[in-house]
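Inspection log for the structure reproduced underneath, given as structure tokens.
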Amino acid sequence: MAAASDAPEAAEHADRLAARLGCPRIEANAVPEEAWCLQTGDRLTLFPPAASKLPSLQPDFLRGPMGHRLRRGRHAAPMLARACAVNAGAPPSVLDLTAGLGRDGMLLAAIGCRVTLVERHPLVALLLEDALARAARELDWVPQRVRLIPADALDCELQPAEVVYLDPMFPPRGKQALVKKEMQLFHRLVGHDEDADALFERGRQLALKRLVVKRPRKAPPLAGMRPSGRIEGKTTRYDLYPAT
Numbered sequence: 239m240a241a242a243s244d245a246p247e248a249a250e251h252a253d254r255l256a257a258r259l260g261c262p263r264i265e266a267n268a269v270p271e272e273a274w275c276l277q278t279g280d281r282l283t284l285f286p287p288a289a290s291k292l293p294s295l296q297p298d299f300l301r302g303p304m305g306h307r308l309r310r311g312r313h314a315a316p317m318l319a320r321a322c323a324v325n326a327g328a329p330p331s332v333l334d335l336t337a338g339l340g341r342d343g344m345l346l347a348a349i350g351c352r353v354t355l356v357e358r359h360p361l362v363a364l365l366l367e368d369a370l371a372r373a374a375r376e377l378d379w380v381p382q383r384v385r386l387i388p389a390d391a392l393d394c395e396l397q398p399a400e401v402v403y404l405d406p407m408f409p410p411r412g413k414q415a416l417v418k419k420e421m422q423l424f425h426r427l428v429g430h431d432e433d434a435d436a437l438f439e440r441g442r443q444l445a446l447k448r449l450v451v452k453r454p455r456k457a458p459p460l461a462g463m464r465p466s467g468r469i470e471g472k473t474t475r476y477d478l479y480p481a482t
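Just so you know, we're using my numbering here: the sequence shown kicks off at 239 and counts up by one.
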């Protein structure tokens with residue numbers, strides 16, 4: 239792993255990131271082919287090892303498909319809104335224990351929910367932190383509704399929320415291995431959540447009204463616990479568990 243700058247003015251930022259990650263800071267044109275590289279500039283970009291032939295990772299909540307979805311509000315994710323019991327009068331507080339790149343959490347925040355994002359992988363948390371900071375410059379609701387905690391949900395102190403949301407990573411099976419390249423990169427970087435059952439129990443402890451678990455449509459329920467309800471789509475479903 240290395241932190242690199244693509245311009246002289248970005249060098250100080252790269253130095254801070256290198257110190258935070260405990261990795262060397264080098265120039266962008268000197269990155270070894272086998273290294274992961276976090277490059278600074280007008281935004282953070284994560285480059286995988288060159289031999290992987292995978293694309294770079296650069297979350298963006300303002301432009302591209304995600305920017306378009308956020309502008310659509312509730313209509314961008316109707317299944318997710320239903321699963322989290324979002325209504326126009328009183329959107330719930332949401333605690334996302336496996337935030338990843340923050341997409342579901344941001345969709346919920348765009349609807350009006352107050353969302354706490356918890357992400358334990360340090361590189362993913364940095365990318366998400368950068369994307370949120372850029373989004374906050376144009377979307378005034380971001381700092382009001384979205385909070386990021388770069389920590390492991392199993393090891394840090396968290397406040398309960400009305401809805402706890404869980405979307406654990408799992409090893410691909412069968413045709414699921416043929417996922418788009420961005421997800422291949424994410425799997426390679428993060429791996430899968432071997433402690434998903436423990437995250438499930440943590441979620442049940444913190445949910446004041448409902449625990450929502452996102453799953454592949456044909457996957458078994460998490461922790462072998464049958465949900466009280468389900469909302470199903472073509473490839474994904476949301477398993478619903480009442481607060482204990």
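By construction, the Cβ of each residue, glycine as well, lies at the ideal position given by its N, Cα and C atoms.
In this structure, Arg-358 and Ala-315 do not form a Cβ contact; the two beta carbons are roughly 24 Å apart against a cut-off of 8 Å. Arg-301: not part of any beta strand (DSSP E); DSSP gives it neither H nor E. Leu-370: member of the alpha helix (DSSP H) spanning 360-374, first to last residue. Counting other Cβ atoms within 10 Å of its Cβ, Arg-309 stays below 16 and is therefore classed as exposed.
Note on Gly-441: 16 or more other CB atoms within 10 angstroms of its CB, so buried under the neighbour-count rule. Cys-322 and Leu-346 have their alpha carbons spaced roughly 9 Å apart.
Rounded to whole angstroms, Gln-443 and Asp-253 show a C-alpha spacing of 39 Å.
Considering only Val-428, Lys-419, Ala-436, the residue with the shortest C-alpha distance to Ser-294 is Lys-419. Taking C-beta atoms as the reference points, Tyr-403 and Val-332 count as a pair closer than 8 Å. Under the Cβ criterion (8 Å, minimum of three pairs), the region 359-377 does not count as touching the region 457-471. By a beta-carbon distance limit of 8 Å, Leu-423 does not contact Leu-361. Their separation comes to about 11 Å. Check the Cα spacing between Gly-338 and each of Leu-449, Met-407, Glu-439, Val-451: the tightest is with Met-407. If you draw a straight line from the Cα of Arg-258 to the Cα of Ala-389, it comes to about 14 Å. Closest by C-alpha distance to Leu-300, out of Phe-285, Glu-265, Phe-438, Arg-341, is Arg-341.
In this structure Pro-330 is buried. Its beta-carbon is surrounded by 16 or more other beta-carbon atoms within 10 angstroms. Secondary-structure assignment with DSSP links Ala-399 through a beta bridge to Ala-445.
For the options Leu-377, Ala-371, Arg-383, Glu-376, the alpha carbon positioned closest to that of Gly-350 is the one of Arg-383. With a threshold of 16 other beta carbon atoms within 10 Å, Arg-426 falls short and is exposed.
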